[in-house]
Every structure is written in C-alpha cells, then in structure tokens.
Ligand code: C5P
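Following this line, the structure appears as structure tokens:
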C-alpha cells in the first residue's frame, strides 16, 4: 500500500493503556497492549506521513524515521502531550485505552495493609478525545475507537456525536479474536455522516490498512 493521500500529512496517535498511580509501587490500569495504535503509526509512516505516537506503558517498540514516540504514564500526561501536538495535526486517531478514573490522592509512601477493607477514592480523568473534539478546526480529522459489549452501534454513534469526532471505529468484545491482547481485530467504521463500513477479522496491521483506506476514500 502506498497511498499518496498521506504524504507529508501530520498524524497524532494515542495508544496503549494509562497507569494511574496509587503509591510508588501500585497503579490502576487496564489490559491494553497498544498493538492497534502502533500498527496504525507504522502504516501511516510507511505511507509518507509524519507521526507523533503518544503511548502509555507498553512493551512494544517502534523505530521509523517518520515516527516520533512519546512515552507517557498517566491520562493527564497523555492529554498534555496530545494538546501540544494537536493544533499542528491533520489527522488524530485516539486508540489509547485511557483510564476513566484516577486515584484522588497519591501516597508518597507504600500503602500499608491494615483493615480488611480499603476504600480508594477516584476522580474522573479528562477525556482526551472530547477535549480535542472541542478544539478541532474544519480541516482536521478526528477519529476515535469504541469498545462496546452491548448496544454497540447505538453507543458508538452516541460517542461519536458527544465527542465531536469525524469517525469512530467500533470493536466489539463479542467478536472472538477482537480487542485487547489479540493480534487480530474485527472493526466497523462509522462516519459522522452515518455511513458504516464493516470488515472481517484481520491482523491489526491489515486493520490499520483498512482504516487508512477508509480515511483516504471518505475525507
Ligand atoms: O468513552 P470511551 O472511553 O468509551 O471512548 C473511547 C474513545 O475515547 C477512544 O478513542 C479513547 O481513546 C478515547 N478516550 C480518551 N480519553 C479518555 C477516555 C477515552 O481519549 N479519558
């Protein structure tokens, strides 16, 4: 695939999980591996785009002259980095599994075990996709992901509208081999204008190619 549409385009990608620290040795996180976001970064770069890849903690590595990898840990750090680069981006793809909440306070020393029950207070994290959606200008394309377990299409459409995105990529946990941990994914792409494109189960590299093709065909 060599799609001239992406030549010299500036792409911002968020990928992987975020870790929200409780104390020096513990965090709240999730099972995202970052594979989908890294596959997207590689595919955009191979098609001539300049990519900023903001990644939460992951064991993946990537080296390409067109990819600037920025490693972050928490949602706040990911939001701050995304805001630095967004205004200069043509396309932003939010593939990170951002933790919805973070601990209200951070304990400088390791939390000791005492009582049988421990309650941790959480506060809401910023929604990076929504924040960028509020700042988006006409020429920018903002794309997000939705991982749904029920009322998938309806929830994905609502998310797309709420966050002011241009497209949302739905991957269902109901599909075998799709989502976290797997090297494969099964997606549907829903555009702001209501068009829906459905794809079969593919490797994440192939899925990334489908996503780029869909962008260049429709925007
Ligand atoms: O609302 P939900 O978490 O299901 O939305 C998923 C989409 O929003 C993904 O594209 C994800 O990267 C993005 N998101 C974000 N910041 C958050 C939560 C989700 O950018 N705090």
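Residue numbers (the numbering used here): 1 to 219. In this text, a Cβ means the ideal position worked out from N, Cα and C, and glycines have one as well. The structure displayed is predicted, hence computed values, not measured ones.
Of all residues, those with a beta-carbon under 5 Å from at least one heavy atom of the ligand C5P are 94, 96, 98, 125, 127, 128, 129, 144, 145, reported in chain order. Taken atom to atom, the span from the alpha-carbon of residue 130 to that of residue 160 is near 9 Å. Look at the stretch 118–205 and you find these whole runs of beta strand (DSSP E), each 3 residues long or longer: 122–124, 141–148, 167–172, 187–191, 196–198. Under the criterion of beta carbons closer than 8 Å, residue 49 and residue 11 qualify as touching, at roughly 5 Å. Only residues of its own chain outside the window of five on either side were considered, and among them 184, 185, 186, 210 have a CB closer than 8 Å to the CB of residue 202, listed in chain order. Counting only residues of its own chain and dropping the five nearest sequence neighbours on each side, residue 22 has a CB closer than 8 Å to the CB of 28, 103, 106, 107, 111, 120.
In the three-state reduction of the DSSP assignment, residue 25 falls in the coil class, being assigned neither a helical nor a strand state.
In this chain, residue 111 is not harboured by any beta strand (DSSP E), its DSSP state being neither H nor E. In the three-state scheme derived from DSSP, where H, G and I count as helix and E and B as strand, residue 7 is classed as coil.
Relative to the Cα of residue 16, the nearest Cα in the group 56, 40, 52 belongs to 56. The C-beta of residue 52 has 16 or more other C-beta atoms within 10 Å across all chains shown, which makes the residue buried. The three-state reading of DSSP puts residue 43 in helix, counting H, G and I together. Judged by DSSP in its simplified three-state form, residue 36 adopts helix. Comparing alpha carbon positions, the residue from 20, 69, 182, 212 closest to residue 100 is 20. Leaving aside the five residues that flank residue 68 on each side, the residues in its chain whose CB is nearer than 6 Å to its CB run, in chain order, 52.
Excluding five sequence positions before and after residue 134, the CB atoms of its chain that fall closer than 8 Å to its own CB belong to 164, given in chain order. Here residue 97 is near residue 32, since their CB atoms are less than 8 Å apart. Distance from the CA of residue 116 to the CA of residue 59, rounded to the nearest whole angstrom, comes to 34 Å.
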